[in-house]
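Notes follow once the structure below has been shown.
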Amino acid sequence: MVVNINQASSALPISNDVAQIRTMVQGLFSTDNPNQLAPSITNYWLDYVHQQIQSLSNVYAVEKRELKNRLNQAKRLHKSQNVLISGNFEDTFEGAGWQFGHNVFTLPGDLQYPVHHLVLPPSSLVHPSYAYQIVPESALKPYTRYYLSVFVLQADSLHIIASRYGRTMDKMVNISCSAAMPTSAEGVINSPHFFQYAIDVGELSPDVDLGITVGFTVPSDGFAKISHVSLTEGPPLTAAEIRQVQHQDKQWLEPYMDQQAQITASLQNATNQLNEIYGSSNWTGTIKPDVTYADLDSLTILQCVSSQEGTIPGMPVQDNYTQETAAIYVAAQRAWNQLESRNLVPNALFLQAAQHWEIEGTVHFPRGDNNKPVLTLSDWDSKVSQSITLPHRGEETEYRVRVRAKGNGTIYIVPPGDQNHMLFFNTSPFTTQEFYFFPDASTTHVDLIIQSEGSEFTIYSIEVQEMTTDTMGTLQPVEQTEASIMTSNLSMGSQAIMTTPLSNSSSSNHCQCNQK
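If you're matching positions, the sequence shown starts at 1 in the UniProt record's numbering and goes up one per residue.
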């Protein structure tokens with residue numbers, strides 16, 4: 001960061017003495033090798049020296065050009081040592097290293113800080129305030145100490161975060177905007193604006209490619225401006241440090257690899273299930289005619305929280321499976337929406353409990369094995385019913401009634417209400433039954449009745465579908481577009497998902513199972 005000229009005028013007047021500035025430029029380089037940077041040279045100090053050169057009168061144009069050339073050499077050397085991309089936030093276009101929250105931005109400079117810097121406004125519930133970058137494994141050296149250096153212009157509850165192998169450094173800092181800026185190379189290192197942390201890297205794992213994650217977050221009452229961030233190579237680890245990091249790596253790697261094997265197998269299983277639901281690997285088409293809610297209920301995805309993501313709250317760090325997992329979720333939601341559009345029964349999954357249903361006797365809506373509500377009739381004379389509106393086609397149309405239930409009970413449609421249009425349940429596990437019926441062409445409503453015949457009758461889902469025969473002679477459910485079709489059940493992701501830890505996973509895996 002360049003010292004604010006107005007600030008500097010009251011603290012240390014900018015020198016116009018060429019000899020003094022030449023000494024500052026020479027001090028950027030090692031005395032042993034003029035082509036290497038001196039130890040502890042920071043981006044902040046390079047910018048400060050740049051401002052001193054810029055302050056020289058054009059009377060010294062030749063000297064000014066020579067000093068600039070030498071300074072640019074120092075900047076190139078410093079940039080080459082930084083394994084982070086755009087550590088000074090000058091090149092932050094999409095894909096250039098950093099990932100920002102929605103409201104996070106960079107500035108080329110302002111009246112207070114005339115240099116590129118990152119601005120993290122207060123977080124909100126909708127838009128968390130964060131910035132992060134993942135340094136790939138290929139950019140690192142094994143058994144080496146790296147130094148994360150951060151120059152903070154001002155901060156209120158800024159979290160500086162670095163993570164590797166599940167080990168996270170999280171430091172919260174506060175810097176007043178009135179804190180004095182350093183005016184010497186040595187002063188930068190001791191400045192309250194400057195922070196530096198060591199990160200030890202052990203054996204590299206290219207197949208895992210975890211790298212190092214560097215990030216920043218602020219809470220809802222926080223704020224921060226950051227001008228420079230660097231991650232630079234330090235000395236090789238000592239023998240004792242190598243033994244320590246090898247021990248830590250072993251504790252992390254084996255559970256992590258087990259976790260990856262589980263998530264890979266789970267994603268493949270979910271892919272196979274969706275291929276069966278859609279009848280092909282094209283998940284943008286129509287689901288098969290006999291697909292049920294139970295088919296989607298059995299769709300399981302392991303939602304693995306990577307060691308980085310699980311330890312960096314507020315930062316949506318992506319893992320290697322993010323795109324594949326997202327595609328599965330989208331395909332599952334599309335299948336769910338198609339099932340809903342085929343079903344003429346509002347609140348057919350009882351996600352809204354008794355809404356749309358007429359109840360007689362004792363009825364409950366407990367949550368089932370997947371945390372979804374089910375309808376349970378607890379007395380032998382309990383009854384639940386609903387009037388179903390049929391699409392008026394002006395001709396006889398076939399309908400299918402399909403129910404997944406367990407226990408003792410009967411389900412029927414009136415009209416016609418005869419024995420051929422009833423489902424009889426007397427089973428312990430959930431089973432699916434169905435029947436077809438042709439109402440008169442003039443019929444616009446039918447009553448769907450659920451009757452308990454014993455101590456308990458539990459309904460998981462119930463469907464009434466209009467059927468038609470396609471050009472290939474296959475009987476297909478009709479997707480309804482009428483406004484009468486309820487859309488309140490479409491929130492499959494928020495209401496019909498159970499999240500439980502894997503029983504065969506250690507807690508260090510941070511692995512969870514999402515079921516729909």
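Virtual Cβ for every residue (Gly too), placed ideally from N, Cα, C.
Please read these numbers as outputs of a predicted model, since none were measured by experiment.
Beta-bridge partners of residue i, as assigned by DSSP
i, result
"Glu358", "Ser385"
"Ile160", "Lys171, Phe216"
"Met422", "Tyr412"
"Leu231", "Leu148"
"Leu475", "Thr469"
"Thr376", "His364, Thr458"
"Gln36", "Per DSSP, none; premise fails for Gln36."
"Ser463", "Here the sequence assigns Glu to residue 463, which means Ser is not the residue at that position. Glu463 is bridged to Arg402."
"Pro236", "Thr144"
Where the alpha helix (DSSP H) containing residue i begins and where it ends
i, result
"Ala405", "Counting along the chain, Ala405 falls outside any alpha helix (DSSP H), though it belongs to the beta strand (DSSP E) covering 399 to 414."
"Leu46", "43 to 54"
"Ile263", "239 to 278"
"Val135", "Taken as a continuous stretch (DSSP letters only), Val135 belongs to no alpha helix (DSSP H), being part of the beta strand (DSSP E) at 129 to 135."
"Gln106", "Gln is not the amino acid found at residue 106; the sequence shown has Thr there. Careful: Thr106 lies outside any alpha helix (DSSP H), inside the beta strand (DSSP E) at 105 to 107."
Under the three-state DSSP convention, the category residue i falls into
i, result
"Trp85", "Note that residue 85 is Ile in the sequence shown here, rather than Trp. Residue state, collapsed to three classes: coil."
"Arg70", "helix"
"Ala326", "helix"
"Glu396", "coil"
"Tyr143", "coil"
"Ile189", "helix"
"Leu296", "helix"
"Ala335", "helix"
"Ser10", "Low confidence applies here, because Ser10 scores a pLDDT of 33, under 50, leaving its location unreliable and the question unanswered by this model."
"Tyr60", "helix"
"Ser484", "Reliability of the predicted coordinates at Ser484 is poor, the pLDDT of 39 falling under 50, and the value obtained from them is presented with this limitation in mind. Reduced to three states, the DSSP call for Ser484 is coil."
"His78", "helix"
"Glu340", "helix"
"residue 586", "The structure shown has nothing for residue 586, since the chain only spans 1 to 516."
"Gln20", "helix"
"Gln154", "strand"
"Gln352", "coil"
"Val208", "coil"
"Gln112", "coil"
"Gln26", "helix"
"Leu490", "Low confidence applies here, because Leu490 scores a pLDDT of 42, under 50, leaving its location unreliable; read the following figure in that light. The answer is helix: DSSP assigns Leu490 an H, G or I state."
"Thr311", "Because Thr311 carries a pLDDT of 49, less than 50, the predicted location of this residue cannot be relied on, and the following value inherits that uncertainty. Helix."
Contact with chain D by residue i, beta-carbon distance below 8 Å
i, result
"Leu390", "This model lacks chain D altogether, as it is built from one protein chain only."
Distance between beta carbons of residue j and residue i, contact taken as under 8 Å
i, j, result
"Leu118", "Lys225", "7 Å"
"Val446", "Asn343", "Contact doesn't hold; Cβ gap of about 14 Å is too wide."
"Ala327", "Ile277", "No, Ala327 and Ile277 are not in contact; Cβ-Cβ is about 14 Å, not under 8 Å."
"Glu360", "Asn408", "With 8 Å as the limit, Glu360 and Asn408 do not qualify as a contact, their Cβ atoms being about 17 Å apart."
"Tyr130", "Ala162", "No, Tyr130 and Ala162 are not in contact; Cβ-Cβ is about 14 Å, not under 8 Å."
"Pro182", "Val173", "Not really, about 16 Å apart at Cβ, beyond 8 Å."
"Leu237", "Val245", "7 Å"
"Tyr143", "Ile242", "5 Å"
"Glu358", "Gln386", "7 Å"
"Val345", "Ile459", "The pair is not a contact, with the Cβ atoms about 11 Å apart (cut-off 8 Å)."
"Leu267", "Tyr321", "6 Å"
"Val25", "Val49", "6 Å"
"Gln333", "Ile287", "Between Ile287 and Gln333 the Cβ distance is about 12 Å, and since that is not below 8 Å, they are no contact."
"Ser124", "Ser220", "7 Å"
"residue 538", "Tyr113", "No answer is possible for residue 538: it lies beyond the span of the chain, which begins at 1 and ends at 516."
"Glu398", "Phe438", "6 Å"
"Val150", "Phe195", "5 Å"
Residue range of the beta strand (DSSP E) that includes residue i
i, result
"Ala198", "194 to 201"
"Val119", "117 to 120"
* If you scan the stretch 425 to 457 from start to end, which runs of the alpha helix (DSSP H) of 4 or more residues do you find wholly inside it? -> Taking only runs of at least 4 residues, no alpha helix (DSSP H) segment lies wholly in the stretch 425 to 457.
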